[in-house]
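**Q** Take a look at this one; I'll ask things after.
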Amino acid sequence: MKFILPVLALSLLSVSCVSTAPTESKAPKQQQDSQQAVGAPQNIIMVIGDGMGPAYTTAYRYFIDNPETTEIEETVFDRHLRGLSSTYPAPISGVVTDSAASATALASGVKSYNGAIGVDVNKKEVQTVLEWAKLQGKKTGVVVTSQINHATPASYLAHNEHRKNYNAIADSYIDDGIKADLYFGGGWKFFLREDRNLVNEFKQAGFHYLDNYQGLADLPKSKPVLGLFADVGLPWALDDSNKHRLSTMTKAAVHHLTDMQQHDNAPDNGFFMLIEASQIDWAGHGNDISDAMAEMDDMAKTLEYLEHFVEHHPDTLVIVTADHSTGGFTLAANGKYRWDAEHLRTMKHSVNYIAKQLAKNEISADYASDLFNFKLTRKEMKLLITTKDSPKLNKSTNIYQNKKNSPVERALLKQVKAIMDMRTNSGWTSGGHTAIDVPVLAFGKQSDLFNGAQDNTDIAKKIFTLLGK
């Protein structure tokens, strides 16, 4: 190892890899704090690819590959792979986790039940690494492509017995004390309500508010920031005005937290940031390979920016993992030894947008091919036209977050995704989560701590140790 880690911290970390029980040091607290401060990174950035199982990082390698070369190029996910993490929740929920239980484990080091937001199986609050970092004088921030009160960010910022209590979780961001200096994501629906205007309350607390990406270029250095850019989650990457909006928000957030720390004229304690590529999971739930790869590309561009930041700020640690895998995604289906990303690379629109336009307009060969950005076969055209004329949906149809769409749109969406699956030879086994282990990546200072097999709770325990707890 190229770094020096105190014996006490090494002992704690080795135990955490085989046990989920909290481990207490027997050293006096003053001595413990002094020892744990040695070698700890100043900045810690936690990146979660929601739903990003190992098939997604593998698929991205082939998606981003340059077809003009014989070599399959390395990706940012390949460069920093450290190991795998198990994801199972508390026994009461079996072995398949949801995002809330997994995020609670990643944030606190405590296993809980599916649906839990920052609470244990007894619904008692558990401290999170973001809360602890704030108490240590670090700036804190959250950047996500979901609403900022969704399961993952909420598990770092709030404590609630169920993830779907969206309004209560949003209220807690004010009522339970403001825990972050920066929030970027969606959420107008929950923060601008008839019964309560949380945006105004954040403004009254001294926050600068923005509701468009253009405002990211001109943030006041001295103020905390609330940025909400959509009613609920952000648009799909393929449909958004900025197809790499996560990397754009991340760059602005990193710069702003750094500027705030310098502006305070106080000891530079660095920052802790949570970043979530939320909609990889949403694409997985919808068995939607084209949007999954676009969301993966946004995450990859985010990590490439963070590589650059770490190069110039070596006192920074970046940890990357997934909360679980979604959709039972596999490369090569139906016994065919083939997976082809060619048509994924040229997609201009999300499958939801394509289905909506096909439902509204006459389906001609030229119009459909323009939407897909490749020429459709006669068989594919017949499939779309027949579906529009006689839409059929059955109970097994997996449509994620499209209950408000018309039956025609929903039926067409199913067929648009089927075309993309046939073109790529992608397979899916589920519309939900699976129990497989997920990748762990890390780079920067103390990144070797995340090598090998570990549990999701171990990741939080290691971060707590680096934060001096």
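So the sequence shown is residues 14 to 482, counted in my numbering.
Glycine is no exception: its CB is placed at the ideal position from the N, C-alpha and C atoms.
Rounded to whole angstroms, how far is the Cβ of Pro452 from the Cβ of Ala335, which I believe are closer than 8 angstroms?
**A** Counting from one through the sequence shown, the residue named residue 452 turns up at place 439. Counting from one through the sequence shown, the residue named residue 335 turns up at place 322. At roughly 7 angstroms, the Cβ-Cβ gap stays under 8 angstroms, so Pro452 and Ala335 are in contact.
**Q** Put Ile449 into one of helix, strand or coil per three-state DSSP.
**A** Taking the first residue of the sequence shown as position 1, residue 449 is located at position 436. In this structure, Ile449 counts as coil in the three-state DSSP scheme.
**Q** What are the start and end residues of the alpha helix (DSSP H) that includes Ser382?
**A** As a first step, residue 382 is located in the sequence shown; it is residue number 369 there, counting from the start. Per DSSP, Ser382 belongs to the alpha helix (DSSP H) from Ala378 to Phe385.
**Q** Over the uninterrupted beta strand (DSSP E) stretch that includes Asn469, give me the two end residues.
**A** As a working mapping, residue 469 is identified with position 456 in the sequence shown. No beta strand (DSSP E) contains Asn469, which is instead part of the alpha helix (DSSP H) from Asn469 to Leu479.
**Q** I need the DSSP call for Thr410, collapsed to helix, strand or coil.
**A** The sequence position of residue 410 within the sequence shown is 397, counting from 1. Residue placement at Thr410 is flagged as unreliable, the pLDDT there being 45, under the threshold of 50; a coordinate-derived value is accordingly withheld.
**Q** Using a Cβ-Cβ cut-off of 7 angstroms (strictly less than) and excluding sequence neighbours within five positions of Phe203, which residues of its own chain qualify?
**A** As a working mapping, residue 203 is identified with position 190 in the sequence shown. Taken in chain order, the residues that qualify are Gln160, Asn162, Tyr179, Asn180 and Ala183.
**Q** Helix, strand or coil for His172 per DSSP?
**A** If you number the sequence shown from 1, residue 172 lands on position 159. Reduced to three states, the DSSP call for His172 is coil.
**Q** For Met286, name the three-state secondary structure that DSSP assigns.
**A** Counting from one through the sequence shown, the residue named residue 286 turns up at place 273. The three-state secondary structure of Met286, taken from DSSP, is strand.
**Q** Three or more C-beta pairs closer than 8 angstroms, one from the segment 251–267 and one from the segment 223–235: is that the case here?
**A** yes
**Q** Counting pairs of Cβ atoms below 8 angstroms between the segment 212–219 and the segment 327–345, do you hit three or more?
**A** no
**Q** For Lys177, I'd like the list of residues in its chain whose CB is within less than 8 angstroms of its CB, leaving aside the five on either flank, ordered along the chain.
**A** Counting from 1 along the sequence shown, the entry for residue 177 is found at position 164. Non-local C-beta neighbours of Lys177 in its own chain, meaning closer than 8 angstroms and more than five positions away in sequence, comprise Gly128, ordered along the chain.
**Q** Would you call the segment 387–401 in contact with the segment 460–475, where contact means no fewer than 3 C-beta pairs closer than 8 angstroms?
**A** no
**Q** Let me know if Thr141 comes out buried or exposed under the rule of 16 or more other beta-carbons within 10 Å of its beta-carbon.
**A** Numbered from its first residue, the sequence shown carries residue 141 at position 128. Counting of Cβ neighbours within 10 angstroms places Thr141 among the buried residues, the total reaching 16 or more.
**Q** How many Å lie between Leu143 and Ile476 at the Cα?
**A** Here residue 143 corresponds to residue number 130 of the sequence shown, with the count starting at 1. Here residue 476 corresponds to residue number 463 of the sequence shown, with the count starting at 1. Their Cα atoms are separated by approximately 10 angstroms.
**Q** Just how far apart, CA to CA, sit Glu86 and His325?
**A** Along the sequence shown, read from residue 1 onward, the residue named residue 86 stands at position 73. Along the sequence shown, read from residue 1 onward, the residue named residue 325 stands at position 312. Answer to the nearest angstrom: the Cα atoms are 25 angstroms apart.
**Q** Helix, strand or coil for Lys39? Go by DSSP, reduced to three states.
**A** Taking the sequence shown and counting its residues from 1, the one referred to as residue 39 is at position 26. Here the model assigns Lys39 a pLDDT of 35, short of 50, so the residue's position is not dependable and the matter cannot be decided.
**Q** Based on DSSP bridge pairs, tell me the residues matched to Met59.
**A** Position 46 of the sequence shown, counted from the start, is the residue given in the question as residue 59. Partner(s): Leu287 and Ile332.
**Q** For Phe403, count neighbouring C-beta atoms within 10 Å of its own C-beta (all shown protein chains included) and say buried if the count is 16 or more, exposed if not.
**A** In the sequence shown, counting from the first residue as 1, residue 403 sits at position 390. According to the sequence as given, residue 403 is Ser; it is not Phe. With fewer than 16 neighbouring CB atoms inside 10 Å of its own CB, Ser403 falls in the exposed class.
**Q** Since Tyr126 and Val134 should fall inside the 8 angstroms C-beta cutoff, what is the C-beta to C-beta distance between them, to a whole number of angstroms?
**A** Looking up residue 126 in the sequence shown gives position 113. Looking up residue 134 in the sequence shown gives position 121. That pair is a contact at about 6 angstroms.
**Q** Give every residue of the same chain whose Cβ lies closer than 8 angstroms to the Cβ of Arg3, excluding the five residues on either side of it in the sequence, and list them in chain order.
**A** Because the chain here runs from 14 to 482, residue 3 falls outside it and cannot be looked at.
**Q** Among the candidates Glu320, Thr390 and Thr83, whose CA atom is the shortest distance from the CA of Leu454?
**A** Here residue 454 refers to the residue found at position 441 of the sequence shown. Selected option, being the one with the closest Cα: Glu320.
**Q** Under 6 angstroms Cβ to Cβ from Ser185, same chain only, skipping five residues before and after it: list those, please.
**A** For the purposes of this step, residue 185 is taken as the residue at position 172 of the sequence shown. Contacts found: Ala171.
**Q** Comparing C-alpha positions only, which one of Met360, Phe90 and Val123 sits nearest to Tyr101?
**A** As a first step, residue 101 must be located in the sequence shown, where it is residue number 88. Distance from the Cα of Tyr101 is smallest, within the candidate group Met360, Phe90 and Val123, for Val123.
**Q** Could you tell me the alpha carbon to alpha carbon distance between Leu480 and Arg436, rounded to whole angstroms?
**A** Walking along the sequence shown from the start, residue 480 turns up at place 467. Walking along the sequence shown from the start, residue 436 turns up at place 423. Cα-Cα distance, rounded: 48 angstroms.
**Q** Give me, in chain order, the residues of the same chain whose beta-carbon lies closer than 6 angstroms to that of Met433; leave out the 5 immediate sequence neighbours on both sides.
**A** The residue given as residue 433 occupies position 420 in the sequence shown. Closer than 6 angstroms at Cβ, skipping near neighbours: Ile302 and Ser303.
**Q** Out of Val60, Asn365, Tyr69 and Leu287, which has the shortest C-alpha to C-alpha gap to Gly487?
**A** Since the first and last residues shown for the chain are 14 and 482, residue 487 lies out of range.
**Q** Tell whether a beta-carbon distance below 8 angstroms holds between Tyr75 and Trp295.
**A** For the purposes of this step, residue 75 is taken as the residue at position 62 of the sequence shown. For the purposes of this step, residue 295 is taken as the residue at position 282 of the sequence shown. Contact: no.
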